[in-house]
Each structure stands twice: as structure tokens, then as C-alpha cells.
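Before any comments, here is the structure.
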């Protein structure tokens, strides 16, 4: 490897950990990435081109980490895809984010779809020679891959990682048997994740089937004639969007079930917004909306001082449901155990006070179209999405019999168990690579 080919002289570039990593790699058989693969960038949308409601997935940086996701990616038209098709992603491509705070997130494509494009904020590593993609994925996630990524990025406000620097990465070349072991572990992790998603979908299907909503689609009709008495005097709202028929329709569909408001079934606690001046490099993890999904809390790079933020009431306890009220509205996630974290003020903490409602069931309801449409109705037309607590308290939810709730909860718990096992296997693969390098057993 050409030493310091970028002619950097800053002390960060010569940190002891970085140099020790390279020294360990130099002891074993290795090659430079460009000798064993092609590294290609993604593509920015052309000027004046926009996303579409349906079409070809356009993979973003936030879709990358772990197994690359496409289901929630924005879409582009077929015509635009044809202009960008050389930036297509394919099965077993290894993807790396190269811009912003997510630099160094590594993903591997394990889906088979005919057409799928990649953002300019990522690169793909393709046409591998004598290297199995799953092994390369595990290596780049290891400290030996990450140290090279961190060392070569430049900039602070908007960090970047140049493709030419990636092409110079040092990659150890292990035996084929070792690579196959890593491949098998990652395949098993992917299979567990697939099964996890299947079980979660089954839980969703049970819920919607029981409520008669399985094949229901909101009406596209946007007009609703209301008297002043039946509109403003009842709801306090005069905006036409609030009275779209689909909002009334969803409540009409569930009216034959036992209905309660959120305020009836949970206690709501607000969290805090300490401001960016309070952010630190270590301490108590500070979780924002971008760190939360209905499936998990992802790792954060932002922390708070535990001596200042020492209120135990701010830490989510087992079975607390976290619910987003700003930005991306209505994401609900149930906490499996007491957590030593603090969430932002945009995330509410819900604790159940009704004995006949199971937390997994309520979480699924909150993530369902039933609540999502009510959130949309409350906030429709707002430039900055903000769901007021007083509005959330009035949200209507159906209460199914306890035996059905238990069936749903069982599916969800098994789904999350498999998701954790999948994550543990990915961690195992990474650890095996690190240990093999350190023992010079590659």
C-alpha cells in the first residue's frame, strides 16, 4: 500500500489505532481493494427530476446498514431509471455510505429485484475476484475495515470519503474455507431476518383481518360537505383536508368493536430536548427520531452527560412504548427491557394503565393504518409535522379480545427474537474476522 498517498499531515490520520490496524493487516496475506474488485459510485437525481409515488426503488444511505432495504425507499420513474441504469444495484453487491454522519455504514444486497438504483451518497463494490461478498461485508464492518474508513474520511460539517481512497483499502485474503464459514453465518442471519419479517407480517394480517381491514383501501374521494355545526363547532378545524372522507371511513370500519382513546389506556410522559450544546462524545445515549423504527433502536453517536441528566424517570422502562410526535409521525416501538438511554422531546413515553391491553398489541395498533390516518388527519397540511399531545390523547383505538391480542403478541415477540438472533450472527461474523486477523490465521 502506498504510504500516505494523500499527503495528509494531521495528527488524526496517524492515530495509534489506525497505524496498529494497518500493521496487523500487513503481516498477513492481503490485497488492495482495486486489485480484487470494481468500486463504483451511485448517482444523484438529475436537476428537476423528482421521486414518484410508484416506480423503481432508489436506495438511500439510510437503507444501507446490515441487509440493504428497498421496501421504504423513494421511487423513480422507469424512464429515469433507464437513464441511470448503470447505477443499478444487484444481488450480493456490497454497499458503503460515503457522505455525512452515516459514513462507514456497510450493507449487502440480499434481495432479487430486476431494477433498483443507488444514491450518490453510496458506492457499490462489485466484480469480486477470489473474495466472497459476505466475507468482504464482514471485514468492512470489522474494526480493521472501519479504521480505514474513519482514517480516510475528510471534512467535519459534512464528512466525505473519496472513491479513490476506498480503492486503496487493504483487504486481507483468507482461505476459501474461512470465507465460506463467514458466508454461512451471514446467510443464516439473513434467513432469520426474513422469518422475522414474515412473523411480523402475520401479526399485522391477523390484526387487519379481525378488524375487517385486510383488503381495505382508503377512498380517493377528497370532498366532504359539512355544516358549520358539524365542522368547526365540533372539531375546531376549518381546513378542508381535515374532513376528507377516508378519515371518517376508517372509524366507521371499526365502530362495532370496543373503542377507547389513547388517553383511556396509557399514561403519557414527555421527554426532553437538551439542545445541541449538550451533545457529547460519550455518556448516556441520546436517541432521536432518526434512531428509531418500529423494529429497533439503532446506535447513536450523540450522548449526554450522566451527571447532568440523571433523572431516572427519563429512562424508558420495560414495556414502555416510544411514540414519535414530530417529523416522522406515529412510529411506535415497545421497549423490551429497562434501557439506559434518554430520548429526544419528539418521542413520547407511553405506559399502559389498562390490564386488558397487551403492550405488543397496542404497539402494532399504533403502527397500523388506523392510527396513521388519524395522525395524518390531525397534522394534514402542516409544513412542519407536529402531532400535539392533546390530539394524540383523543386518538381512537379498537380493543380486540385478549386471546386474539395474545396470538398477535406471540407472533411479534418471536419476530423480535429472530431479529435479535440475526443481529447477533452478524456480530459473530465480524468478531471472527477480527480474531482471525489478530491471530494471523487468515
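In my numbering, the protein residues as written are 4 to 445.
The beta carbon of each residue, even a glycine, is placed where N, CA and C say it ideally should be.
Distance between residue j and residue i (C-alpha atoms, nearest Å)
i           : j           : result
residue 340 : residue 318 : 11 Å
residue 37  : residue 286 : 39 Å
residue 271 : residue 326 : 10 Å
residue 105 : residue 404 : 43 Å
residue 204 : residue 192 : 19 Å
residue 222 : residue 247 : 9 Å
residue 153 : residue 76  : 27 Å
residue 55  : residue 422 : 31 Å
residue 331 : residue 294 : 12 Å
residue 171 : residue 379 : 48 Å
residue 131 : residue 376 : 46 Å
residue 302 : residue 138 : 23 Å
residue 428 : residue 434 : 10 Å
residue 53  : residue 145 : 36 Å
residue 443 : residue 31  : 6 Å
residue 120 : residue 17  : 36 Å
residue 346 : residue 179 : 45 Å
residue 249 : residue 115 : 35 Å
Buried/exposed call for residue i, threshold 16 Cβ in 10 Å
i           : result
residue 15  : exposed
residue 160 : exposed
residue 215 : exposed
residue 23  : exposed
residue 127 : buried
residue 2   : The chain is shown from 4 up to 445; residue 2 falls before or after that span and cannot be answered.
residue 381 : buried
residue 344 : buried
residue 83  : buried
residue 59  : buried
Residues of its chain near residue i, where Cβ-Cβ distance is below 7 Å and the 5 sequence neighbours each way are ignored
i           : result
residue 33  : 173, 174, 175 and 176
residue 432 : 141, 185, 188 and 189
residue 439 : 177, 181 and 445
residue 283 : 306, 307 and 308
residue 110 : 67, 68, 69, 70, 71 and 98
residue 136 : 95, 97 and 111
residue 211 : 217
residue 224 : 248
Own chain, CB closer than 8 Å to residue i, minus 5 neighbours either side, in chain order
i           : result
residue 328 : 349, 350, 351, 389, 390, 391, 392 and 395
residue 324 : 269, 335, 336, 337, 338, 352, 353, 354, 355, 362, 365, 366 and 369
residue 209 : 407, 410, 411 and 414
residue 57  : 78
residue 292 : 327, 329, 330, 331, 334, 347, 349 and 350
residue 360 : 268, 402 and 408
Backbone secondary structure at residue i - three-state DSSP
i           : result
residue 335 : strand
residue 25  : helix
residue 158 : coil
residue 329 : strand
residue 134 : coil
residue 274 : coil
residue 360 : coil
residue 53  : coil
residue 296 : coil
residue 148 : helix
residue 216 : coil
residue 172 : coil
residue 103 : helix
residue 61  : strand
residue 439 : helix
residue 228 : Caution is warranted here: a pLDDT of 45 is assigned to residue 228, below 50, making its placement in the model unreliable, and no coordinate value can be reported.
residue 248 : helix
residue 120 : strand
residue 239 : Any reading at residue 239 is ruled out, since the residue's pLDDT is 48, under 50, leaving its predicted position unreliable.
Top-ranked residue by Cα proximity to residue i, from the options
i           : options               : result
residue 263 : 303, 355, 290 and 285 : 355
residue 44  : 122, 269 and 379      : 122
residue 46  : 311, 87 and 99        : 87
residue 266 : 211, 162 and 398      : 398
residue 85  : 117, 101, 77 and 102  : 117
residue 257 : 156, 401 and 158      : 401
residue 300 : 315, 108, 289 and 143 : 289
residue 168 : 253, 179 and 156      : 156
residue 426 : 195, 379, 213 and 78  : 195
residue 63  : 17, 108 and 25        : 108
residue 296 : 65, 437 and 83        : 65
residue 103 : 322, 89, 273 and 164  : 164
residue 150 : 252, 42 and 28        : 28
residue 255 : 166, 373, 39 and 342  : 373
residue 310 : 320, 333, 304 and 281 : 281
residue 219 : 371, 314 and 48       : 371
Same chain, Cβ closer than 6 Å to residue i, five either side skipped, listed in chain order
i           : result
residue 418 : 199, 202 and 203
residue 80  : 55 and 58
residue 261 : 402
The ligand GDP heavy atom lying under 7 Å from the CB of residue i
i           : result
residue 378 : Among the components modelled here there is no ligand, and therefore nothing to report on the ligand GDP.
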